[in-house]
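Participant: Sending over a structure as structure tokens; questions will come in a sec.
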Amino acid sequence: MTATLERGLNALREQIDAPVASFFTSCVSCGLCAEACIFYRETEDPKYTPIHKLELMRRIWSNEFTLLGRLKSMVGLGRKVTEQDLKDWEELVYDSCTMCGRCTMVCPVGNDLAMMIRKMREGMSGSGHAPVELIGAAERHSDYGSPMGELHPALHAQIKHAETETGIPIEMNKEGADYLVILSAGEIRDYPEVIGAMAKIFKQAGITWTISDDGFEATNVGIQLGNRDVARTLVSKVVEAAEKLKVKGIISPECGHAYQALRWEGPNLIGRSYDFEVVHIIELLDRLRAEGKLKTKGKASGKITFHDPCQINRRGGINREPRNLLNMVADDFVETEDAGTMNWCCGGGGGVGANERAADLRFKAFNRKKRQFDAVGAEKIVTMCAYCHHTLEEQLELHGDEETEVIGLAEMIGEYLDDEA
Amino acid sequence: MNNPYFDLLMWARGPGFDIALTIMVGGILLRVVEILVLGRKRDLATAKGSPVGQGVKTIFTRSFPRKGLVPFAPITYIGGYIFHIGFAIAFLFLGAHIALIDGLLGLSWPAANRAIVESATALAVIALFALLYTRITDPVRRALSTFGDYLVWLLSLLPLVLGYVAVNKLFGDPTLMMALHILSAEALMVAFPFTKLMHAVTFLMARYYNGSIQGRKGAES
Amino acid sequence: MAERPVLAEALKAHGISRRGFLKYCASLTSLMALPPALAPKVAHALENAARPSVIWLSFQECTGCTESITRSHAPTIEDLIFNTVSLDYHHTLQAASGHAAEEARMKAMEEHYGKYLVIVDGSIPVGNPAYSCIAGISNLDMLKETAAGAAAIVAVGTCAAYGGIPHADPNPTGAVAVSEIIKDKPIINVPGCPPIPIVMTSVLAHFLTFGLPELDELGRPKAFFGETIHDRCYRRPFYDQGKFAEAFDDEGARLGWCLYKLGCKGPTTKSVCATVKWNDGTSFPIQSGHPCLGCTEPDFWDNGGFYKPLSMPAGDYRKLGLAAVAGGAALGVAGGAIARATKSKAAAAHETVDAHDLEKKS
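The listed protein sequences correspond, in order, to chains A, B and C.
Going letter by letter, the first sequence gives residues 1 to 421 in the UniProt record's numbering.
Going letter by letter, the second sequence gives residues 1 to 221 in the UniProt record's numbering.
Going letter by letter, the third sequence gives residues 1 to 362 in the UniProt record's numbering.
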């Protein structure tokens with residue numbers, strides 16, 4: 001099948017509901033969403049105003065979902081959405097938006113703009129206007145189980161490595177384990193230390209866990225593409241694996257959109273609630289901390305700061321937890337400006353990081369993070385999303401910083417775990 | 001003999017108001033029901049926070065600016081507050097307006113001193129001009145602005161100015177000015193359901209939805 | 001025609017001192033909004049004015065205007081002014097009746113053709129002139145006939161000036177104001193239901209001394225109808241402070257607060273009630289606790305109800321509001337249903353895709 005304009009418009013129509021209608025009705029064109037947007041703030045180009053990125057969906061809503069708009073269309077006043085429009089908007093919807101949701105937080109009338117971008121991407125991807133890199137990732141994930149292609153051998157190797165390193169056996173495909181652990185392709189490839197860290201932590205806490213060959217990939221490019229069919233296919237693999245192994249829960253790893261995909265979109269994509277729990281790794285670690293099942297020894301010296309992944313904090317509600325944990329293991333934990341719920345995006349989320357065309361924009365957007373990191377002068381930046389981790393490393397280097405270390409929070413906790421406890 | 005101004009005033013108070021009220025009430029109902037009928041799918045994800053509670057809470061909390069943002073859009077924020085509060089005081093605390101609301105809804109409250117009402121009016125007008133200034137000069141706002149934005153600006157300005165002029169007899173025949181004041185308010189009422197003025201009603205829904213979406217995830221809003 | 005006695009003699013005859021007369025002229029001068037320096041001139045003019053012939057026509061009226069002007073409890077100067085004109089025809093006041101009365105009118109018209117003053121109270125039915133006839137002559141005919149030789153016409157009372165109560169909806173007699181019929185004579189409107197006596201006499205005094213006064217767009221002398229009652233009301237400070245009586249027997253009413261919410265029409269009513277007052281300056285409606293009805297304005301009877309606040313709409317908004325709510329909701333449901341259908345159609349047309357269907361293949 002081929003993508004068509006009509007399929008895209010159709011997908012947009014399917015996305016319009018009462019919240020979207022109330023959002024468009026309420027917009028007063030105050031432009032405050034622009035002030036919240038990292039891409040506008042770092043470029044000052046008005047085309048990056050978040051609400052403007054939604055113009056095509058607004059048109060569909062106005063023309064086809066309001067009585068007045070229908071009347072206008074009948075007399076030829078409603079502006080139609082054309083192939084060219086979609087083409088023109090591709091950059092705005094995919095390159096200059098990470099769906100970080102800062103705009104959603106500042107809109108005075110309460111419009112959830114990030115959610116609408118997610119919806120608008122349904123129309124963009126349906127009509128063949130999604131970035132090629134994301135489409136490629138979706139194809140690889142569908143065909144080989146991971147956006148980076150076939151990762152089974154790598155996964156097995158990393159697990160084996162972790163077993164050797166920690167001396168803790170990790171049983172794959174174990175039925176009846178407490179938790180199913182899933183990982184992002186980035187972690188498997190670049191940050192596998194987290195596997196060993198989890199092994200140690202869960203052993204200490206007395207938690208049984210496993211990894212499934214059928215569904216180990218946490219990422220879901222369907223969410224970034226904005227294609228619910230693809231997203232459903234991908235999330236189903238994980239859900240089915242969990243159901244097959246009869247686990248009590250799935251641990252969502254340090255990956256922003258994966259958390260959204262599995263915990264918040266997943267049930268709606270597959271059309272039913274889960275019988276198991278979905279918990280973010282940091283949420284779980286903080287729970288263990290509170291229960292006294294997480295014991296650490298010693299603290300990292302030097303100034304340490306934290307980068308909040310948008311999808312996990314601002315749009316995921318995990319805010320206090322990483323700070324509780326960091327204070328256990330960091331001697332000198334300092335926050336950057338705007339840290340927490342209103343943290344600025346690393347500029348790589350929402351598929352922007354995979355998008356070659358957006359490289360310049362991403363670089364410019366990161367200027368803000370760079371200034372904020374420089375202001376606190378941290379030696380180490382801790383985060384809880386592998387993609388943020390990757391973007392931070394990449395952009396720090398591009399911005400001439402080869403000194404500052406970036407590390408995942410779970411991995412860091414693993415480092416300071418009190419093995420004797 | 002007829003006083004054309006008085007006739008105009010009586011038309012504005014009579015048929016004019018009836019027409020405007022009918023269009024406004026009917027139009028708002030149309031727009032709101034139209035939105036609600038669209039509905040939204042039940043969210044199947046197990047809630048972490050309280051969607052309803054946070055939805056309701058956000059209706060109120062979103063009235064305050066997010067920390068640190070005011071310096072980046074001072075005119076929009078401060079002008080916006082002054083306009084909204086000024087307009088509300090002028091509309092809700094002038095004795096004549098309270099009498100109108102009392103007659104329509106049977107609700108009444110004490111009126112404010114004229115000095116307060118008129119100061120609020122003047123401030124609201126100044127704020128409107130400041131907001132127009134930023135709408136014209138700021139690239140973001142200029143790019144976003146449509147004919148409707150400028151129309152609504154004018155429609156919001158006229159009742160304030162004409163009301164002030166009529167009450168203080170600044171110029172023109174006071175009866176004519178009062179008639180024009182009422183007619184301008186009626187123009188605002190008629191435009192209400194078909195412009196962004198609807199935000200004065202649907203912000204409740206938008207903020208609720210925003211809060212409930214975030215609240216379900218246990219995230220702030 | 002014998003030279004008639006001038007005012008000065010009449011005053012003397014009634015035992016009014018020259019000092020009292022001059023005081024009266026001064027107050028008249030200020031009332032007419034003339035510079036105080038003109039007071040002696042007013043006095044002089046009045047003292048030497050010849051008694052002009054006045055024909056008073058009463059049409060569709062209640063005699064209230066006549067009552068107002070004659071019901072002074074003691075002989076006043078206003079009363080005397082009236083005595084200084086030659087009231088040649090006034091069918092309530094004159095002794096003659098029947099043919100004799102009409103003859104008096106005809107005689108006055110003949111003798112003073114082009115110089116006499118016509119005072120009209122009451123409106124004129126034009127729907128069917130037979131609704132109101134005097135001596136077999138319809139009001140319409142009598143007005144036309146009498147006005148032909150008049151120097152000017154004073155329309156006294158709101159009925160003559162604007163149609164008044166007979167003109168009120170549904171106006172069964174087709175009542176109209178004098179100015180609707182007579183287009184070629186100067187007309188001074190002295191509206192009010194009834195007008196304040198001294199306003200009527202002052203207008204006459206002005207006419208006698210300086211000719212036609214300056215009129216506003218409604219034909220009213222600006223001197224007496226230049227400002228609203230509201231602007232001169234002693235309760236105005238309460239309006240400004242937002243203090244209103246909500247009922248006739250509430251605390252606010254007892255404290256003398258503003259009567260706006262009880263329907264006072266002061267803000268849109270031009271008259272000197274609040275300053276000149278009634279009954280020799282004793283009081284005026286607002287002072288006695290009742291809202292102004294707005295009787296000096298056209299159509300005051302049909303302006304949405306005496307006890308309805310001015311800012312309140314005049315119509316039956318409740319029913320209308322309910323209809324609007326119902327209609328709007330119905331339209332909304334219809335609009336929403338169409339939108340839902342659009343969405344359902346889109347959902348039905350949804351082709352489930354996989355990752356390989358996301359590109360345009362030609």
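Glycine residues also receive a C-beta, built at the ideal position from the N, C-alpha and C atoms.
1. Taking any Cβ of chain A, which residues in the stretch 158-170 of chain B have a Cβ under 9 Å from it, in chain order?
2. What's the C-alpha gap between residue 30 of chain A and residue 141 of chain B?
3. Using only CA atoms, which one of A/36, A/336, A/100, A/262 lies nearest to residue 72 of chain B?
4. What runs of the beta strand (DSSP E), each 3 residues or longer, lie entirely inside the stretch 195-221 of chain C?
5. Report the neighbours of residue 282 of chain C on chain A: residues whose CB is nearer than 7 Å to its CB, in chain order.
6. Residues of the stretch 198-230 of chain A in Cβ contact with chain C at a cutoff of 9 Å, in chain order, please.
7. Where do the N-terminal and C-terminal ends of the beta strand (DSSP E) with residue 88 of chain C fall, by residue?
8. Determine, for residue 185 of chain A, whether the minimum Cβ-Cβ distance to residues of chain C falls below 9 Å.
9. My output table needs one value for residue 2 of chain C: the three-state DSSP class, helix, strand or coil.
10. Hey, how far is the Cα of residue 341 of chain C from the Cα of residue 37 of chain B?
11. Near residue 304 of chain C, what residues of its chain come up, given a Cβ to Cβ distance below 6 Å and the 5 sequence neighbours on each side ignored?
12. Would you say residue 358 of chain C faces chain A, with C-beta separation under 9 Å as the test?
13. Which value, in whole angstroms, describes the spacing of the CA atoms of residue 179 of chain A and residue 202 of chain A?
14. Which word fits residue 86 of chain A, buried or exposed, when buried means at least 16 other C-beta atoms lie within 10 angstroms of its C-beta?
15. Listed from N- to C-terminal order along the chain, which residues in the stretch 136-148 of chain B have their beta-carbon within a distance smaller than 8 Å of any beta-carbon of chain A?
16. Starting from the Cα of residue 21 of chain B, find the closest Cα among B/183, B/216, B/57, B/210 and give me that residue.
17. Helix or strand or just coil, what does DSSP make of residue 329 of chain C?
18. Determine the direct distance from the alpha carbon of residue 132 of chain A to that of residue 206 of chain B, and round the result to whole angstroms.
19. Quick one: Cα of residue 314 of chain A to Cα of residue 342 of chain A, how far?
20. Since residue 143 of chain A is in the alpha helix (DSSP H), which residue starts that stretch and which ends it?
21. Would you identify the three-state DSSP class for residue 2 of chain A, choosing helix, strand or coil?
22. Can you give me the Cβ contacts of residue 66 of chain C inside the same chain, cut-off strictly under 6 Å, excluding the 5 residues immediately before and after it?
23. So for residue 344 of chain A, helix, strand or coil by DSSP?
24. With DSSP as the reference, label residue 431 of chain A as helix, strand or coil.
25. Quick check: the stretch 412-421 of chain A against the stretch 295-305 of chain A, are there 3 or more CB pairs under 8 Å?
26. Could you pull out every residue in the same chain whose Cβ sits closer than 6 Å to the Cβ of residue 185 of chain B, ignoring the five residues on either side in sequence?
27. Between the Cα of residue 182 of chain A and those of A/157, A/171, A/238, spot the shortest distance and give me the residue it belongs to.
28. Identify the continuous beta strand (DSSP E) that holds residue 408 of chain A and give its terminal residues.
29. Excluding the 5 residues flanking residue 264 of chain C on each side, which residues of the same chain have their C-beta closer than 6 Å to its C-beta?
30. Is residue 84 of chain B helix, strand or coil when you go by DSSP?
31. Tell me whether residue 345 of chain C is buried or exposed, calling it buried when 16 or more other Cβ atoms sit within 10 Å of its Cβ.
32. Is any beta-carbon of chain C found at less than 9 Å from that of residue 220 of chain B?
33. Taking just the CA atoms, how far does residue 180 of chain C sit from residue 200 of chain C?
34. Within the same chain, show all residues whose beta-carbon is closer than 6 Å to that of residue 138 of chain C, passing over the 5 residues directly before and after it, in chain order.
35. Determine the direct distance from the alpha carbon of residue 236 of chain A to that of residue 211 of chain A, and round the result to whole angstroms.
36. Residue 158 of chain A by DSSP, collapsed to three states: which one?
Facilitator: Taking the definition as stated:
1. Close to chain A, meaning a Cβ-Cβ distance shorter than 9 Å, is no residue of the stretch 158-170 of chain B at all.
2. Within the first sequence, residue 30 of chain A is the residue found at index 30, counting from 1. Within the second sequence, residue 141 of chain B is the residue found at index 141, counting from 1. Approximately 6 Å, taken between the alpha carbons.
3. Position 72 of the second sequence, counting from 1, holds the residue named residue 72 of chain B. Nearest Cα to residue 72 of chain B within the set A/36, A/336, A/100, A/262: A/36.
4. Complete beta strand (DSSP E) runs here, min 3: none at all.
5. Here the question's residue 282 of chain C lines up with position 282 in the third sequence. In chain order: nothing, as chain A lies at least about 57 Å away.
6. Under the 9 Å Cβ criterion, the stretch 198-230 of chain A contributes 221, 222, 225, 227, 229, 230.
7. Here the question's residue 88 of chain C lines up with position 88 in the third sequence. Taken as a continuous stretch (DSSP letters only), the beta strand (DSSP E) holding residue 88 of chain C covers 86-90.
8. Taking the first sequence and counting its residues from 1, the one referred to as residue 185 of chain A is at position 185. Chain C, which has no Cβ nearer than 9 Å to the Cβ of residue 185 of chain A, makes this no.
9. The residue given as residue 2 of chain C occupies position 2 in the third sequence. Bear in mind that the predicted position of residue 2 of chain C carries a pLDDT of just 39, short of 50, making it unreliable; the figure below should be weighed with that in mind. Residue state, collapsed to three classes: coil.
10. For the purposes of this step, residue 341 of chain C is taken as the residue at position 341 of the third sequence. For the purposes of this step, residue 37 of chain B is taken as the residue at position 37 of the second sequence. C-alpha separation (whole angstroms): 11 Å.
11. Position 304 of the third sequence holds residue 304 of chain C. Hits under 6 Å: 314.
12. As a position in the third sequence, residue 358 of chain C is number 358, starting the count at 1. At least one CB of chain A lies nearer than 9 Å to the CB of residue 358 of chain C.
13. The residue labelled residue 179 of chain A in the question sits at position 179 within the first sequence. The residue labelled residue 202 of chain A in the question sits at position 202 within the first sequence. Whole-angstrom Cα-Cα distance: 10 Å.
14. Here residue 86 of chain A is taken as the residue at index 86 of the first sequence, counted from 1. Residue environment: residue 86 of chain A is assigned as buried (16 or more neighbouring CB atoms within 10 Å of its CB, all protein chains considered).
15. Correct list: 138, 139, 140, 141, 142, 143, 144, 145, 146.
16. Taking the first residue of the second sequence as 1, we reach residue 21 of chain B at position 21. Looking at the Cα atoms, B/183 is the closest of the given residues.
17. To locate residue 329 of chain C, count along the third sequence from 1; it is residue 329. Helix.
18. In the second sequence, the residue the question calls residue 206 of chain B occupies position 206. In the first sequence, the residue the question calls residue 132 of chain A occupies position 132. Between the C-alpha atoms of residue 206 of chain B and residue 132 of chain A there is a straight-line separation of about 34 Å.
19. Position 314 of the first sequence, counted from the first residue, corresponds to residue 314 of chain A. Position 342 of the first sequence, counted from the first residue, corresponds to residue 342 of chain A. Rounded to whole angstroms, the separation of the alpha carbons of residue 342 of chain A and residue 314 of chain A is 7 Å.
20. Start at 1 with the first residue of the first sequence, and residue 143 of chain A comes out as number 143. From DSSP, the alpha helix (DSSP H) with residue 143 of chain A extends over 132-144.
21. Here residue 2 of chain A is taken as the residue at index 2 of the first sequence, counted from 1. Shown here, residue 2 of chain A sits in coil according to DSSP, grouped into three states, outside any helix or strand.
22. On the third sequence, position 66 is the one that residue 66 of chain C refers to. Correct list, in chain order: 92.
23. The residue labelled residue 344 of chain A in the question sits at position 344 within the first sequence. Coil at residue 344 of chain A, not helix or strand.
24. Not covered by the structure: residue 431 of chain A. The range shown for chain A is 1 to 421.
25. Three or more beta-carbon pairs separated by less than 8 Å link the stretch 412-421 of chain A to the stretch 295-305 of chain A, which places the two stretches in contact.
26. Counted from its first residue, the second sequence places residue 185 of chain B at position 185. Contacts found: 159.
27. Within the first sequence, residue 182 of chain A is the residue found at index 182, counting from 1. Nearest C-alpha to residue 182 of chain A: A/238.
28. Against the first sequence, residue 408 of chain A aligns to sequence position 408. DSSP places residue 408 of chain A inside the beta strand (DSSP E), whose first and last residues are 405-408.
29. The residue you call residue 264 of chain C lines up with position 264 of the third sequence. 291, 292.
30. By one-based count along the second sequence, residue 84 of chain B stands at place 84. Judged by DSSP in its simplified three-state form, residue 84 of chain B adopts helix.
31. Along the third sequence, one-based indexing puts residue 345 of chain C at 345. Sixteen is the threshold: since fewer than 16 other Cβ atoms of the shown chains lie within 10 Å of the Cβ of residue 345 of chain C, the residue is exposed.
32. In the second sequence, the residue the question calls residue 220 of chain B occupies position 220. With its beta carbon at least 9 Å from every one in chain C, residue 220 of chain B lies outside the interface.
33. Translated into the one-based positions of the third sequence, residue 200 of chain C becomes position 200. Translated into the one-based positions of the third sequence, residue 180 of chain C becomes position 180. Approximately 21 Å between the Cα atoms of the pair.
34. On the third sequence, residue 138 of chain C is found 138 positions in, with the first residue counted as 1. Sequence-distant partners of residue 138 of chain C (beyond 5 residues in either direction) whose C-beta falls short of 6 Å from its own C-beta, in its chain, are 129.
35. The count along the first sequence starts at 1 and reaches residue 211 of chain A at position 211. The count along the first sequence starts at 1 and reaches residue 236 of chain A at position 236. Each residue's alpha carbon lies about 16 Å from the other.
36. For this step, residue 158 of chain A is matched to residue 158 along the first sequence. Note: residue 158 of chain A maps to helix in three-state DSSP.
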